[in-house]
Structure formats: structure tokens, C-alpha cells
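Below is one structure, written out as C-alpha cells, with a few remarks after it.
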Amino acid sequence: MTRPLPVLMLTLLLTGGCVEALENSLIFFPDKRIEATPHNLDLAYEEISFTTQDGVRLNGWWIPGAGSPFTLLWFHGNGGNISYRLDNIKRRHDLLGTSIFIFDYRGYGRSEGRTSEEGTYRDGDAAIRYLRSRGDVDPNKIVFLGESLGSAVAVEMAIRHGCAALVLESPFLSIAEMAKVTFPLLPIGSFIQTKYDTLSKIGQVSVPLLIVHGDSDEIVPFRHGQRLFESANEPKEFYRIKDAHHNDLYVVGGTAYLETLNRFLSRMIGDTPSP
1 MTRPLPVLML
11 TLLLTGGCVE
21 ALENSLIFFP
31 DKRIEATPHN
41 LDLAYEEISF
51 TTQDGVRLNG
61 WWIPGAGSPF
71 TLLWFHGNGG
81 NISYRLDNIK
91 RRHDLLGTSI
101 FIFDYRGYGR
111 SEGRTSEEGT
121 YRDGDAAIRY
131 LRSRGDVDPN
141 KIVFLGESLG
151 SAVAVEMAIR
161 HGCAALVLES
171 PFLSIAEMAK
181 VTFPLLPIGS
191 FIQTKYDTLS
201 KIGQVSVPLL
211 IVHGDSDEIV
221 PFRHGQRLFE
231 SANEPKEFYR
241 IKDAHHNDLY
251 VVGGTAYLET
261 LNRFLSRMIG
271 DTPSP
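For the sequence shown, the positions run 1 to 275 when UniProt numbering is used.
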């Protein structure tokens with residue numbers, strides 16, 4: 001949840017109208033404008049176009065790494081588009097040396113279509129198919145990185161496809177549980193069809209798991225990450241970033257967090273270089 005749910009749209013949802021469109025407007029906050037590209041930060045990259053099984057053309061960036069055997073497949077949060085993550089991408093790329101593939105869900109950035117929960121899963125399926133088809137990617141060294149809403153997509157993809165490891169940043173239990181947090185006096189869960197029910201799925205994940213959460217997260221409560229960790233299978237690790245909010249994990253966590261991530265991948269996958 002990169003942005004909170006607006007009260008006005010919630011009221012409209014509960015009183016009728018175009019339910020699906022209104023519901024999507026509560027959850028997804030896409031921006032079609034690409035503000036910059038990796039080139040602006042002196043990163044070599046390829047602009048990638050690929051198509052989902054239901055015929056939606058998606059857009060993404062392939063940023064080749066140096067010195068690391070693994071690839072991060074990045075599932076971003078519900079706000080903006082891939083260009084909003086450029087500084088975060090550069091920090092990870094420079095410290096870890098990893099290749100990164102980040103793409104926009106349907107309806108975001110230069111990707112076509114309209115966003116929905118099922119749509120994001122289809123988009124994830126297509127991104128994995130594309131990434132595994134590349135000759136310069138070891139399919140056994142792909143790490144799924146899920147950011148906020150993207151954590152729910154990453155969990156579903158880990159269950160469907162498997163991966164070398166799964167990293168969840170600021171994950172939430174479910175949309176229904178988030179609605180309770182945002183609107184504690186209203187029965188939102190009874191109306192919203194979008195589930196993103198990570199709590200019910202996390203026990204099906206069978207790959208190494210790292211959950212990262214800021215203890216000052218003002219959008220997704222810190223306890224959501226803790227509860228998911230408690231419900232997850234081994235091997236698993238939890239990393240608390242003191243004083244970090246929802247959208248500044250990589251800033252507040254800094255080098256210490258990325259070194260922790262590197263050590264986690266080294267233990268779970270092997271062959272990662274020392275930063």
C-alpha cells in the first residue's frame with residue numbers, strides 16, 4: 001500500500017455505483033507518465049516489451065548487473081510506476097551488483113490495459129516467463145522482490161512458479177485487514193472483492209523468505225509483517241528497520257539493510273560477492 005484509501009471513494013463504493021471501477025480506484029494508483037529512465041542515473045538498461053497470455057502488452061526495464069549471479073525480479077507497490085523506483089534501483093544495483101528486472105503492471109506507466117488483482121497475477125506470470133527465457137539469466141538464481149502491494153503478487157508467484165528466494169518489503173496481511181486499519185468502524189471487507197490475501201497463502205511458500213518492515217510504517221502496520229513471519233515456513237528471516245516508514249525503507253535502512261540482504265542471499269543461494 002503505497003498510498004492510503006480515500007474516504008470519498010469508499011463512501012461511493014458502499015452506496016452503489018460502478019463497483020469494480022470504484023474498488024480499483026481505492027487500491028491502485030497508477031501513473032502513466034514515466035518521469036525518467038535508468039539512463040538518467042547512468043545505468044545501462046534495455047527497455048523491454050512483453051505480452052501476457054490474455055494479450056496485454058507490458059513494459060519493463062532490464063538492468064544488467066556485474067559480479068552477482070542472481071537476478072532480482074521486482075514487483076512494485078500500488079502507486080506510480082517503475083520510474084518512481086529509480087533511486088532505489090540504483091542503490092541496490094550499485095551495492096549488490098545484481099541484475100534487475102522491473103516491470104509495470106497493466107495500467108501503469110507504458111503498460112497497456114486496466115489493473116486488477118487477477119491482472120497483476122497474469123502480469124507476474126508473463127514477467128517470469130520472459131525472464132526465464134533470457135539466455136543471460138540463470139533460472140535457478142531468480143529472487144522475487146515484493147514491495148508493499150507487490151509483496152502479495154510476489155507471494156502468489158512464488159507459490160505458482162517457485163524462485164531462489166523471496167524478499168517481502170512492508171507486506172500486508174490482506175486487503176480486508178488493511179481496510180480494518182484504515183477504516184476501523186466500517187465493514188469494508190464485506191464489500192471489496194479484491195483479496196490479496198497473503199496471510200492465507202504464506203504457509204504455501206516453500207522457498208527461503210526474508211521479510212523486511214519499518215517499525216514506524218504509517219500505512220501498513222509493523223505487526224502485519226510480524227504476523228506473516230510467524231505464519232511462514234522455514235527457512236525465514238525477519239529484518240526490522242528502526243524508524244523506517246512505509247516508503248523509505250531503502251533510505252533509512254541504507255547500506256546496513258542491503259548488506260543484510262546480500263548476506264541472506266549468500267546463505268540461501270550462495271556465490272554472492274561481499275559488498
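We put the CB at the ideal spot given by N, CA and C, even for glycine.
**OP:** Output the distance between the C-alpha atoms of L210 and T260, rounded to the nearest integer angstrom.
**Re:** Note on geometry: alpha-carbon atoms of L210 and T260 lie some 10 Å from one another.
Original post:
What's the C-alpha gap between G77 and E169?
Top reply: The straight-line gap separating the alpha-carbon atoms of G77 and E169 is approximately 10 Å.
**OP:** Out of N262, L166, V251, point me to the one whose CA is closest to A152's CA.
**Re:** Measuring from the Cα of A152, the nearest candidate turns out to be L166.
**OP:** Give the single residue among E46, V181, G203, F222 whose Cα lies nearest to the Cα of K236.
**Re:** Residue G203 holds the alpha-carbon nearest to the alpha-carbon of K236 among E46, V181, G203, F222.
**OP:** Return the chain-ordered ranges of every beta strand (DSSP E) run that is complete within the UniProt domain "Serine aminopeptidase S33" (73-178) and spans a minimum of 3 residues.
**Re:** Those beta strand (DSSP E) runs which fall completely within the UniProt domain "Serine aminopeptidase S33" (73-178) and span 3+ residues are 99-103, 142-147, 165-169.
**OP:** Name the residue from A154, V181, A244, S200 whose alpha carbon lies nearest to the alpha carbon of V207.
**Re:** Comparing Cα positions, the closest option is A154.
Original post:
What is the rounded straight-line gap between the Cα of F191 and the Cα of T198?
Top reply: F191 and T198: Cα-Cα distance of roughly 18 Å.
Subject >> DSSP-derived helix/strand/coil call for T71 >> reply: T71: strand per DSSP, three-state reduction.
Original post:
Cβ atoms of M157 and G124: under 8 Å apart, would you say?
Top reply: Their beta carbons are under 8 Å apart, which means G124 touches M157 by this criterion.
**OP:** In the DSSP assignment, find the unbroken alpha helix (DSSP H) run with F264 in it and report its ends.
**Re:** Membership of F264 in the alpha helix (DSSP H) is indicated by the continuous run 249-268.
**OP:** Thinking R110 and I100 are a contact (beta carbons under 8 Å), I'd like their distance in whole angstroms, please.
**Re:** Going by Cβ atoms, the distance from R110 to I100 rounds to 17 Å, so no, they are not a contact pair.
Original post:
What residues in its chain sit with their C-beta under 7 Å from that of G97, if we drop five residues either side in the sequence?
Top reply: Closer than 7 Å at Cβ, skipping near neighbours: G65, A66, G67, S68, P273.
**OP:** Just grab the DSSP bridge partners of P30 for me.
**Re:** According to DSSP, P30 bridges with G80.
Subject >> Short Cβ contact (8 Å threshold) for I142 with K201 >> reply: No. Outside cutoff.
Subject >> Cβ-Cβ distance between L131 and L73 below 8 Å >> reply: Yes, Cβ-Cβ distance for L131 and L73 is below 8 Å.
Original post:
Since A212 sits in a beta bridge, which residues does DSSP pair it with?
Top reply: Note that residue 212 corresponds to Val in the displayed sequence, not to Ala. Residue pairing by DSSP places V212 opposite E169, Y239 in a beta bridge.
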